[in-house]
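S.K.: Pasting a structure below so you can have a look.
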Amino acid sequence: MSEDLLAEIVSAIPMPALMVDQTERIIAANTDARTLLGQNMLGRHFATILRQPQVIDAMEQSLRSKGPRKTRHLSNDGAQDTTFEMQCRYMNGIGAVSGGAVLAVFQDITHLEQASQMRRDFVANVSHELRTPLTALMGFIETLRGPAREDAAARDRFLQIMTDEANRMNRLVGDLLSLNRVESEERVRPKEQLELNGLLESTLNSLKPLAEDADVVLSLTAPDDPVSITGDSDQLRQVFTNLVENAIKYGGSGGSVEVRIAPSERDTAVRGPAVRVQIVDKGPGIDSVHLPRLTERFYRADSHRSRQLGGTGLGLAIVKHIVNRHRGRLRVESDLGKGSVFTVILPR
Ligand code: ADP
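Per our numbering, the sequence shown starts with residue 195, numbered consecutively.
Shown next as structure tokens:
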């Protein structure tokens, strides 16, 4: 096969690819391979270009055994790490000296690596979150069987703590199932016609007892005309419940939580007619370092307070997925010492 034809074939491979013949020199490489490994590689010994020990080993073994090999090639472009899977395949009858050559292709598998890392982190987080209340429950069962067996007052107190811990586990499992459902439906557009004023009024009504317990005044500012959108009323109720509940729990010390509904004919955030629902509290606010990560699962700005209040750390993750499903946006602004504004922008 002519060198030109070889170069043509390698350049048509849609990912970094190069060829090494039995003289151990690189005889062809495409543009992606040059971008990844350096420009002037033709004619050079592969070990001076590939450099990483596991990659050199795979290439050597493939040349020697005339068989396939695969390994990882790690790269960093200065900004981020990228992981490639390098696959070597032996081709007969190619190269300057007869005996064939090895074709090596580099497939970017960074997203797969990240997904499996995320899965491992998620399982570790869930296990940790479940183990904490479970350990407490097991401890109290032991105590009730032993030292507190005949102590009626202690028994009541411990049973109350056990109920709280069991409720915490129940909330966590409920939120996990919710998150799962919301994620699995994320690509299905909601179809229901609903009216936001009524939905928010009834959401606030159901949160009144919580607000009263926390000494917080809830208010709703809405236009007289009903604001209609296409959405999923159960999911949107969950969004506003989570946000108002957070505003009461974390921002309640400000004494008031206001919900505003503001429709507009054109909103730059969604490039069309939209409605903004803002949940405003005058509490301690959130440090700006936390804002970019707030909607990650199990991320808490104030871990101690979240746990004390029975938070699962999943509320805002659920909100984000539901808002995404509605092709909307979630914005969080916060001023330390002054309070926070959570804005949900929904297309109309
Ligand atoms: P949690 O179950 O912990 O409430 P969320 O996902 O609902 O989980 O919220 C994540 C974190 O964001 C909370 O732990 C809290 O630290 C912070 N947060 C949310 N809303 C507010 C708010 N209105 N004011 C201050 N902090 C807030």
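Glycine included, every Cβ here is placed at the ideal spot set by N, Cα and C.
To which residues of the same chain is residue 365 closer than 7 Å at the C-beta, ignoring the five residues directly before and after it?
M.R.: Against the sequence shown, residue 365 aligns to sequence position 171. Closer than 7 Å at the Cβ level, and outside the excluded window around residue 365, lie 504 and 506.
S.K.: Nearest to residue 405 by CA position, among 422, 353, 497 and 475, is which residue?
M.R.: The residue labelled residue 405 in the question sits at position 211 within the sequence shown. Taking the Cα of residue 405 as reference, the smallest distance to any Cα among 422, 353, 497 and 475 is reached at 475.
S.K.: Is the number of C-beta pairs between the region 366–379 and the region 395–411 that are closer than 8 Å three or more?
M.R.: no
S.K.: Are the CB atoms of residue 453 and residue 549 within a distance shorter than 9 Å?
M.R.: There is no way to answer for residue 549, as the model of the chain reaches only from 195 to 542.
S.K.: So residue 240 is in the alpha helix (DSSP H); what residue range does that whole segment cover?
M.R.: Taking the sequence shown and counting its residues from 1, the one referred to as residue 240 is at position 46. Residue 240 -> no alpha helix (DSSP H), and no H or E assigned at all.
S.K.: Within 8 Å, do at least three Cβ pairs link the region 462–481 to the region 525–541?
M.R.: yes
S.K.: First and last residue of the alpha helix (DSSP H) that includes residue 444?
M.R.: For the purposes of this step, residue 444 is taken as the residue at position 250 of the sequence shown. Residues 427–445.
S.K.: Do you know offhand how far residue 493's Cα is from residue 508's?
M.R.: Taking the sequence shown and counting its residues from 1, one reaches residue 493 at position 299. Taking the sequence shown and counting its residues from 1, one reaches residue 508 at position 314. So the alpha carbons of these two residues sit roughly 8 Å apart.
S.K.: Among the candidates 277, 244, 261 and 260, whose CA atom is the shortest distance from the CA of residue 268?
M.R.: Taking the sequence shown and counting its residues from 1, one reaches residue 268 at position 74. For residue 268, the nearest C-alpha among the options comes from 277.
S.K.: Can residue 266 and residue 248 be called in contact, C-beta distance under 9 Å?
M.R.: Taking the first residue of the sequence shown as position 1, residue 266 is located at position 72. Taking the first residue of the sequence shown as position 1, residue 248 is located at position 54. Yes, these two residues count as a Cβ contact at 9 Å.
S.K.: Given 8 Å as the limit, is there contact between the region 343–361 and the region 379–393, that is, 3 or more CB pairs closer than that?
M.R.: no
S.K.: Of the choices 437, 432, 261 and 467, whose alpha-carbon is the least far from that of residue 423?
M.R.: Here residue 423 is taken as the residue at index 229 of the sequence shown, counted from 1. The shortest C-alpha separation from residue 423 is found at 467.
S.K.: Excluding the 5 residues flanking residue 338 on each side, which residues of the same chain have their C-beta closer than 7 Å to its C-beta?
M.R.: Walking along the sequence shown from the start, residue 338 turns up at place 144. Counting only Cβ-Cβ distances below 7 Å, and skipping sequence neighbours, we find 349 and 352.
S.K.: Please specify which runs of the beta strand (DSSP E), each continuous and at least 3 residues long, are wholly inside the region 337–417, giving them in chain order.
M.R.: 386–389 and 411–415
S.K.: Any chance the CB of residue 545 is under 8 Å from a heavy atom of the ligand ADP?
M.R.: Lying before the first or after the last residue shown, residue 545 is absent from the chain, which here runs from 195 to 542.
S.K.: Is it buried or exposed, residue 397, if we count other Cβ atoms within 10 angstroms and call 16 or more buried?
M.R.: The residue given as residue 397 occupies position 203 in the sequence shown. Residue 397 should be labelled buried.
S.K.: List the whole-angstrom C-beta distance separating residue 473 from residue 437, where the pair is believed to meet the contact cut-off of C-beta under 8 Å.
M.R.: As a first step, residue 473 must be located in the sequence shown, where it is residue number 279. As a first step, residue 437 must be located in the sequence shown, where it is residue number 243. Between residue 437 and residue 473 the Cβ distance is about 4 Å, and since that is below 8 Å, they are a contact.
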